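Chemist:
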Amino acid sequence: MDLSFSAEYEELRREVQAFLAENWTAEDAAWEPAADERNALSGPIRTDPRATEFRRKAAERGYLYRHVPKRYGGGEQSPDPLAGTIIAEEFRRAKAPHEVIGQGPSMLVPTLIEHGTEEQKKKFIEGTILGSIKWCQGYSEPGSGSDLASLRTKGERDGDFWVINGQKIWTSDAQSADWMFCLVRTEPEAPKHDGISYILIDMKTPGLTVRPLRQMTGTADFNEVFLENVRVPYGNLVGDRGRGWIVSRSTLKHERALIGSASMSRRVFDGVAMLAQFTNVRGKPAIQDPVIRDRLVALEAKILAGEYHGYRQLTMSARGEEPGMAALVSKLYSTTLGYDVAKLAMDVMGDRGALAPGEPEAPGMGMLVSAYMWSLGVLIAGGTANIQRNIIAERGLGLPRDAAASAGKK
Amino acid sequence: MDFGLSQDQVLLKDTIRRFLDAECPTTRVRSVMEGPTGHDPALWQGLVGLGVTGLAVPAEHGGAGLGLLDLALAAEELGYAATPGPFLANAIAAIAIAEGGSDAQRARWLPRLADGSAIGTFALGEADGAWDPAAVQAQVKGGRLSGKKALVPDGSTADVLVVVARDEKGPGLFLAERAAAGVTTGDYTGVDMTRRLSHVAFENTPVEAMPGGLPTAGRARDAALVLLAADAYGGCRRMLDMTTTYSKQREQFGQMIGAFQAVKHQVANLACELEPSLSLWWYAAHAFDAIRDQSERHAALAKAHMTDVYDRFARDTTELHGGIGFTWEYDLQLWFRRAIYDRSAFGDAAYHRECAAKLAGW
Numbered sequence: 045m046d047l048s049f050s051a052e053y054e055e056l057r058r059e060v061q062a063f064l065a066e067n068w069t070a071e072d073a074a075w076e077p078a079a080d081e082r083n084a085l086s087g088p089i090r091t092d093p094r095a096t097e098f099r100r101k102a103a104e105r106g107y108l109y110r111h112v113p114k115r116y117g118g119g120e121q122s123p124d125p126l127a128g129t130i131i132a133e134e135f136r137r138a139k140a141p142h143e144v145i146g147q148g149p150s151m152l153v154p155t156l157i158e159h160g161t162e163e164q165k166k167k168f169i170e171g172t173i174l175g176s177i178k179w180c181q182g183y184s185e186p187g188s189g190s191d192l193a194s195l196r197t198k199g200e201r202d203g204d205f206w207v208i209n210g211q212k213i214w215t216s217d218a219q220s221a222d223w224m225f226c227l228v229r230t231e232p233e234a235p236k237h238d239g240i241s242y243i244l245i246d247m248k249t250p251g252l253t254v255r256p257l258r259q260m261t262g263t264a265d266f267n268e269v270f271l272e273n274v275r276v277p278y279g280n281l282v283g284d285r286g287r288g289w290i291v292s293r294s295t296l297k298h299e300r301a302l303i304g305s306a307s308m309s310r311r312v313f314d315g316v317a318m319l320a321q322f323t324n325v326r327g328k329p330a331i332q333d334p335v336i337r338d339r340l341v342a343l344e345a346k347i348l349a350g351e352y353h354g355y356r357q358l359t360m361s362a363r364g365e366e367p368g369m370a371a372l373v374s375k376l377y378s379t380t381l382g383y384d385v386a387k388l389a390m391d392v393m394g395d396r397g398a399l400a401p402g403e404p405e406a407p408g409m410g411m412l413v414s415a416y417m418w419s420l421g422v423l424i425a426g427g428t429a430n431i432q433r434n435i436i437a438e439r440g441l442g443l444p445r446d447a448a449a450s451a452g453k454k
Numbered sequence: 002m003d004f005g006l007s008q009d010q011v012l013l014k015d016t017i018r019r020f021l022d023a024e025c026p027t028t029r030v031r032s033v034m035e036g037p038t039g040h041d042p043a044l045w046q047g048l049v050g051l052g053v054t055g056l057a058v059p060a061e062h063g064g065a066g067l068g069l070l071d072l073a074l075a076a077e078e079l080g081y082a083a084t085p086g087p088f089l090a091n092a093i094a095a096i097a098i099a100e101g102g103s104d105a106q107r108a109r110w111l112p113r114l115a116d117g118s119a120i121g122t123f124a125l126g127e128a129d130g131a132w133d134p135a136a137v138q139a140q141v142k143g144g145r146l147s148g149k150k151a152l153v154p155d156g157s158t159a160d161v162l163v164v165v166a167r168d169e170k171g172p173g174l175f176l177a178e179r180a181a182a183g184v185t186t187g188d189y190t191g192v193d194m195t196r197r198l199s200h201v202a203f204e205n206t207p208v209e210a211m212p213g214g215l216p217t218a219g220r221a222r223d224a225a226l227v228l229l230a231a232d233a234y235g236g237c238r239r240m241l242d243m244t245t246t247y248s249k250q251r252e253q254f255g256q257m258i259g260a261f262q263a264v265k266h267q268v269a270n271l272a273c274e275l276e277p278s279l280s281l282w283w284y285a286a287h288a289f290d291a292i293r294d295q296s297e298r299h300a301a302l303a304k305a306h307m308t309d310v311y312d313r314f315a316r317d318t319t320e321l322h323g324g325i326g327f328t329w330e331y332d333l334q335l336w337f338r339r340a341i342y343d344r345s346a347f348g349d350a351a352y353h354r355e356c357a358a359k360l361a362g363w
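If you're matching them up, the sequences are chains B and C in order. The first sequence begins at 45 in our numbering and counts up one residue at a time. The second sequence begins at 2 in our numbering and counts up one residue at a time.
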């Protein structure tokens, strides 16, 4: 075990600082996202030409997209959370653009690296990580939520094309996305898991329409996508025909890591800890309330455990060890924690917690109320908490598979 | 950057686990805990033979010269096996003497704590539930200690006691021998029968001051907290193993109970709590060895969190077993009781969370 910032890391920090001083000026940093560019899930992402040019350079230096090979525009470095932390700290300090986040870079790119053809990798990866190609995910359907493999959107081959008909739902960013990675039933006679293909669809294709879906949060961050005789080049298939379920597993794994990341809870937690020091309840700062103090520290222990658990998983991955249970619990752990932290935030705000996001009198413009509502959204997204529990019990602890679910699999 | 165990550490754990599998089945645990002292010299000699008692003792005094993380890995395995005896007591005393003893004190006691010819303990707590080393009342005047210590781990078994007490200069750390004049010890009837809790009274007992003083007392307390957290983790692992095994054997309504989603989800929640908690006490142990400025706070956080988790495991795994889990005969109760010990020892979870809040400047 070695977590020290050795001389080598201090050297890296100096290199990053020098790189930033040279490539990102105070003028570059003076940029504020417009209100409509703030996204409840992902935060502001700057993708103007200046930011793109900077990201390209930073990736060349190995500071960004460290998991993506150089030939596709990545940084190509071995996993090193300490190096990643140092780079993120220095980029934040300089207000320099960090990695573009979202489903394209975090889910599609790793999937293409694993399963894509050389042509697909060349065509999509660099644009995706630089933010010029935006993606949405076409998995869920109105009739296929937890039982995703029952999906019915149909793809039929017609010469050099797929003709696709069906409906997708819970498609975040579909209104702004350029492309959708989509699960389509192409082999209707095969058992349900074996009849699915993973296909990339240009959102501008005729026959494809997007309708916003408003959630309980009041905002519309998701969409429904309707596909009516949508014609897609046959070569947009990723992996083999009928193997889309396997291909999508690697994407889902990445999504769970994304949703499971402890950093979201850490951000909210730091906000709560700050708020508790400056918000009075019953005439004194909330932080002095013994109940609030106790809950705050109890949650901090869980957050630290989650962060160090991330270190452990990275170490396992660097050593080539099977992550096993360590990976299976990540999503359930961090989404449960996200709720605990957000609920504490509500209690620290006391009566002001009743004020909606955007209300000027709401603490932090209602960001914490928003986090509270979203903590429920992420608990469901990407495999509900109960689905996660099934996975932990069955794959992690070897308990028998659910009889009904196995029957469907044949 | 590496946040994982070394090959030597993995080997250490395996060696201890294999030894305890063979030498410390629950039948032996039960016979030792039902005996008068809760200490089995033959089992202890086995642990001495493996080097467990000397793990954190410096090499020049006959130990392995390893860190708290190595000792905590041993604590995890001992916790998994519900090993009876004074491991915790002896380990803290060895760390206190190694870090805060004079050369003569180190040379006299460390080789003996490592080779099993003496057993040590750490006497911190007093009657009013105070676990702050700076707040103790036991008094040293002219090299003689008077006062009472409460809930001392295995105080009746120990040959040497590292005692937190105050003299004219304030709170400090002192060495007392149990055989010295004016020492009386007795055991409470504790819930956990595998580790004894003792009351120790001193009356004009000759003691030696330890140069490490109050800072060493704090370090010894932090080491105890991390070892308790590791013990709790080991106990949780055992309870989870027993529960998954049982749920694959026990049949009700014509199927194994592990096939019921209610059971699966309750077990999955436990696994989800447990898995990341490992990294918290690993980090706390590593911080004790290598990141001193984070050590005190992480020890408090790890102890509070891990014993909360242990409490939940003790309840849920018993519930998942149904009636058999509630019997004396079934072994789950051994860990149920150890969970209660770990939770209260050296200050409860709420106390340590308050300490952590203060250390954060809150």
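Note that the Cβ used here is the ideal one computed from N, Cα and C, for glycine as well. Bear in mind the structure is a predicted one, so any value in this text is a computation, not a measurement.
To be precise: take each residue of the segment 269-280 of chain C, compare its Cβ to all Cβ atoms of chain B, and keep it if any distance is under 9 Å. Which residues remain?
Modeler: The segment 269-280 of chain C vs chain B, Cβ under 9 Å: 269, 270, 272, 273, 274, 275, 276, 277, 278, 279 and 280.
Chemist: Taking CB distances under 9 Å as the criterion, tell me whether residue 83/B reaches chain C.
Modeler: Against the first sequence, residue 83/B aligns to sequence position 39. With a pLDDT of 44 at residue 83/B, under the threshold of 50, the predicted position of this residue should be treated as unreliable, though the coordinate-derived value follows. No, because no Cβ of chain C sits closer than 9 Å to the Cβ of residue 83/B.
Chemist: Among 293/B, 407/B, 401/B and 90/B, which residue has its Cα nearest to the Cα of residue 263/B?
Modeler: The residue labelled residue 263/B in the question sits at position 219 within the first sequence. Out of 293/B, 407/B, 401/B and 90/B, 401/B has the C-alpha closest to the C-alpha of residue 263/B.
Chemist: State yes or no: is the beta carbon of residue 331/B nearer than 9 Å to at least one beta carbon in chain C?
Modeler: On the first sequence, residue 331/B is found 287 positions in, with the first residue counted as 1. By this cut-off, residue 331/B is an interface position.
Chemist: In three-state terms, what does DSSP make of residue 240/B?
Modeler: Within the first sequence, residue 240/B is the residue found at index 196, counting from 1. Here residue 240/B sits in strand by DSSP.
Chemist: For residue 345/B, which residues in chain C fall below 7 Å Cβ to Cβ?
Modeler: Numbered from its first residue, the first sequence carries residue 345/B at position 301. 281, 302, 305 and 306, listed in chain order.
Chemist: Checking the sheet assignment: what are the DSSP bridge partners for residue 226/B?
Modeler: If you number the first sequence from 1, residue 226/B lands on position 182. Note: residue 226/B sits in a beta bridge opposite 182/B and 243/B.
Chemist: Return the chain-ordered ranges of every alpha helix (DSSP H) run that is complete within the segment 256-315 of chain C and spans a minimum of 4 residues.
Modeler: With a minimum length of 4 residues, the continuous alpha helix (DSSP H) runs that stay inside the segment 256-315 of chain C are 262-291.
Chemist: Does any residue of chain B have a CB that is nearer than 9 Å to the CB of residue 118/C?
Modeler: The residue given as residue 118/C occupies position 117 in the second sequence. No, no contact with chain B.
Chemist: Please classify residue 197/C: does DSSP put it in a helix, a strand, or coil?
Modeler: Residue mapping note: residue 197/C aligns to position 196 of the second sequence, counting from 1. Note: residue 197/C maps to coil in three-state DSSP.
Chemist: Just to confirm the assignment: which complete beta strand (DSSP E) runs, minimum length 3, are found wholly within the segment 90-143 of chain C?
Modeler: Counting only runs of 3 or more, we get 121-124 and 140-142.
Chemist: Decide if residue 32/C is buried, meaning its Cβ has at least 16 other Cβ atoms within 10 Å, or exposed.
Modeler: Taking the first residue of the second sequence as 1, we reach residue 32/C at position 31. So residue 32/C counts as exposed.
Chemist: Less than 9 Å separating the beta-carbons of residue 163/C and residue 134/C?
Modeler: Locating residue 163/C in the second sequence gives position 162, where the first residue counts as 1. Locating residue 134/C in the second sequence gives position 133, where the first residue counts as 1. In this structure, residue 134/C does not lie closer than 9 Å to residue 163/C by Cβ.
Chemist: Is it a yes or a no for the segment 125-142 of chain C touching the segment 96-103 of chain C, going by three-plus beta-carbon pairs under 8 Å?
Modeler: Verdict: no, contact absent.
Chemist: Out of 28/C, 96/C, 40/C and 111/C, point me to the one whose CA is closest to residue 61/C's CA.
Modeler: Indexing the second sequence from 1 puts residue 61/C at position 60. Residue 111/C is the option with its Cα nearest to residue 61/C.
Chemist: Measuring straight from C-alpha to C-alpha, what distance separates residue 38/C and residue 155/C?
Modeler: The residue you call residue 38/C lines up with position 37 of the second sequence. The residue you call residue 155/C lines up with position 154 of the second sequence. Those two C-alpha atoms are separated by around 9 Å.
Chemist: Residue 195/C and residue 85/C look like a contact to me (Cβ under 8 Å); what is the Cβ gap, rounded to whole Å?
Modeler: Mapped onto the second sequence, residue 195/C falls at position 194. Mapped onto the second sequence, residue 85/C falls at position 84. About 4 Å; that satisfies the 8 Å criterion.
Chemist: For the segment 401-417 of chain B, which residues have a beta carbon sitting closer than 9 Å to at least one beta carbon of chain E?
Modeler: The chain inventory of the structure shown lacks chain E, comprising the protein chains B and C.
Chemist: Looking at C-beta atoms only, is the number of pairs between the segment 188-203 of chain C and the segment 80-100 of chain C that lie closer than 8 Å three or more?
Modeler: Enough Cβ pairs lie closer than 8 Å, so yes.
Chemist: Can you give me, in chain order, the residues of the segment 4-31 of chain C that have a beta carbon less than 9 Å from any beta carbon in chain B?
Modeler: Within the segment 4-31 of chain C, the qualifying residues are 4, 5, 6, 7 and 10.
Chemist: State the Cα-Cα distance for the pair residue 358/B and residue 125/B, rounded to the nearest angstrom.
Modeler: Looking up residue 358/B in the first sequence gives position 314. Looking up residue 125/B in the first sequence gives position 81. Looking at the two C-alpha atoms, the distance is approximately 7 Å.
Chemist: Look at residue 234/B and residue 259/C and say whether their C-beta atoms are less than 9 Å apart.
Modeler: To locate residue 234/B, count along the first sequence from 1; it is residue 190. To locate residue 259/C, count along the second sequence from 1; it is residue 258. Their beta carbons are not under 9 Å apart, which means residue 234/B does not touch residue 259/C by this criterion.
Chemist: Give the DSSP-derived three-state secondary structure of residue 419/B in the structure shown.
Modeler: For the purposes of this step, residue 419/B is taken as the residue at position 375 of the first sequence. The answer is helix: DSSP assigns residue 419/B an H, G or I state.
Chemist: Closest by CA to residue 255/B, which one among 275/B, 215/B and 324/B?
Modeler: As a first step, residue 255/B is located in the first sequence; it is residue number 211 there, counting from the start. Closest option to residue 255/B, Cα to Cα, is 215/B.
Chemist: With distance defined between alpha-carbon atoms, name the residue in 131/C, 319/C and 352/C nearest to residue 300/C.
Modeler: To locate residue 300/C, count along the second sequence from 1; it is residue 299. Among 131/C, 319/C and 352/C, the Cα nearest to that of residue 300/C belongs to 352/C.
Chemist: Which residues of the segment 364-379 of chain B have a Cβ closer than 7 Å to any Cβ of chain C? Give them in chain order.
Modeler: The segment 364-379 of chain B vs chain C, Cβ under 7 Å: 369, 370, 373, 376 and 377.
Chemist: Once DSSP output is grouped into helix, strand and coil, what is the label at residue 287/B?
Modeler: The residue you call residue 287/B lines up with position 243 of the first sequence. Three-state DSSP puts residue 287/B in a strand.
Chemist: Beta strand (DSSP E) containing residue 248/C: first to last residue?
Modeler: On the second sequence, position 247 is the one that residue 248/C refers to. Looking at the DSSP string, residue 248/C is not in any beta strand (DSSP E); the run it does join, the alpha helix (DSSP H), is 214-250.
Chemist: Below 8 Å, can you find three or more Cβ-Cβ pairs linking the segment 316-327 of chain C to the segment 261-272 of chain C?
Modeler: Segments in contact, yes.
Chemist: Considering only the beta carbon of each residue, do residue 243/B and residue 288/B sit closer than 9 Å?
Modeler: Against the first sequence, residue 243/B aligns to sequence position 199. Against the first sequence, residue 288/B aligns to sequence position 244. Yes. Within cutoff.
Chemist: Please report the straight-line C-alpha distance between residue 394/C and residue 298/C, rounded to a whole angstrom.
Modeler: In the structure as shown, chain C starts at 2 and stops at 363, and residue 394/C therefore has no counterpart that could be examined.
Chemist: Could you please tell me which residues of the segment 267-291 of chain B, in chain order, have their CB closer than 7 Å to any CB of chain C?
Modeler: Those would be none; no residue qualifies.
Chemist: Three-state secondary structure (DSSP) at residue 1/C?
Modeler: Residue 1/C lies beyond the range of chain C shown here (2 to 363); nothing can be said about it.
Chemist: With a threshold of 9 Å between beta carbons, is residue 181/B in contact with chain C?
Modeler: As a first step, residue 181/B must be located in the first sequence, where it is residue number 137. With 9 Å as the cut-off, residue 181/B does not count as an interface residue toward chain C.
Chemist: Hey, out of 150/B, 352/B and 54/B, whose CA is closest to residue 175/B's CA?
Modeler: By one-based count along the first sequence, residue 175/B stands at place 131. Considering only alpha carbons, the answer is 150/B.
Chemist: Closest Cβ-Cβ distance between residue 97/C and chain B: below 9 Å?
Modeler: In the second sequence, counting from the first residue as 1, residue 97/C sits at position 96. No, no contact with chain B.
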